[in-house]
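Residue numbers (the numbering used here): 103 to 394.
Idealized CB from N, CA, C, for every residue including glycine.
The structure presented is a predicted model; accordingly, all values stated were derived computationally and were not measured.
Here is the structure we will look at, set down as structure tokens.
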């Protein structure tokens, strides 16, 4: 600990009052000049003001490398003590690297957040498109192509039935004509063949109609509804995953921001400690060691 003292001076002044004309006694010529008064005594000199100076470094690594001798006259701002700055310079370098690394990680996390947002947007857009197509498909099955296909099968069955009835009537007529000798056996056989073909066509049309009505259409409706449910579920999952990714990335950004703030704070403390390795006089005076 060091103390600084300043010299305290007292100036004493004396003078002569003007003489009166009626003063009596011898007269002499005087002149103006300094009057020196000197007092010699033994004792302790106490400063009018003193400042206690001590290290403000909060580390136990502070090592004094320079100190002015006792009794040295100093002015305000003169260096009194120097501590070894090396450990604090090393801290500054280390914390600067940590700060730069934290800043880079924060920037990377923010860029990743942008990428995640774009990926989420694209995934959600695709899922919404798939869901829309599934809804259109179920509408088509229920109100569009599905009913049309079923109607076609129904019409084909009806036409097959009509064709078969016509072929049977034609065959009956041919038999009557054959018995009367108006048509040949070949013509009768041809009419019989037409009936058999009409029967096959009718049975096929009836089977296709029943299959479409009882199996194909219900299966198509179920498939389309399942596709809608699956697309809706996938869309919900995409949204949930997107939110989860956003939350995760926000947490990474917050951590990176905290790390950057911590590193910046440690760097500022190290720079402050480095500044404290130089102790300067707060006022003009003399350096005095005080034993404690």
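Local conformation of residue i per DSSP, three classes
i: residue 199; result: helix
i: residue 159; result: coil
i: residue 154; result: strand
i: residue 131; result: coil
i: residue 110; result: For residue 110, the predicted structure reports a pLDDT of 27, less than 50, and the residue's modelled location is therefore unreliable. The matter cannot be settled from this model.
i: residue 233; result: helix
i: residue 284; result: coil
i: residue 193; result: helix
Inter-residue Cα distance where the pair is residue i and residue j
i: residue 344; j: residue 226; result: 8 Å
i: residue 163; j: residue 189; result: 7 Å
i: residue 196; j: residue 337; result: 48 Å
i: residue 123; j: residue 139; result: With a pLDDT of 48 at residue 123, under the threshold of 50, the modelled position of that residue is not reliable, and no figure is offered here.
i: residue 120; j: residue 133; result: Reliability of the predicted coordinates at residue 120 is poor, the pLDDT of 45 falling under 50, and no value is obtained from them.
i: residue 280; j: residue 307; result: 31 Å
i: residue 233; j: residue 246; result: 18 Å
i: residue 249; j: residue 275; result: 39 Å
i: residue 365; j: residue 380; result: 24 Å
i: residue 177; j: residue 144; result: 28 Å
i: residue 158; j: residue 169; result: 15 Å
i: residue 209; j: residue 180; result: 44 Å
i: residue 357; j: residue 326; result: 46 Å
i: residue 252; j: residue 259; result: 11 Å
i: residue 271; j: residue 278; result: 11 Å
i: residue 242; j: residue 257; result: 20 Å
i: residue 353; j: residue 154; result: 49 Å
i: residue 262; j: residue 299; result: 10 Å
i: residue 293; j: residue 322; result: 41 Å
i: residue 332; j: residue 324; result: 12 Å
i: residue 328; j: residue 236; result: 9 Å
Extent of the continuous beta strand (DSSP E) run through residue i
i: residue 280; result: Where residue 280 is concerned, there is no enclosing beta strand (DSSP E), although the alpha helix (DSSP H) it sits in stretches over 247–281.
i: residue 389; result: 387–391
i: residue 382; result: 380–382
Counterpart residues of residue i in DSSP-defined beta bridges
i: residue 168; result: 184
i: residue 175; result: 388
Test: residue i CB closer than 8 Å to a CB of chain D
i: residue 221; result: Of the protein chains in the structure, only one exists, and it is not chain D.
Closer than 7 Å: residue i CB and nearest the ligand GTP heavy atom
i: residue 244; result: With respect to the ligand GTP, the structure offers nothing, as it holds no ligand at all.
Continuous alpha helix (DSSP H) stretch holding residue i: start and end
i: residue 313; result: 287–313
i: residue 140; result: Element bounds for residue 140: n/a, residue is neither H nor E.
i: residue 361; result: 319–377
Q: Please confirm if the stretch 211–230 is in contact with the stretch 379–389, defined as three or more CB-CB distances below 8 Å between the two stretches.
A: no
**Q.** the stretch 262–272 in contact with the stretch 315–332 per 3-pair CB rule at 8 Å
**A.** no
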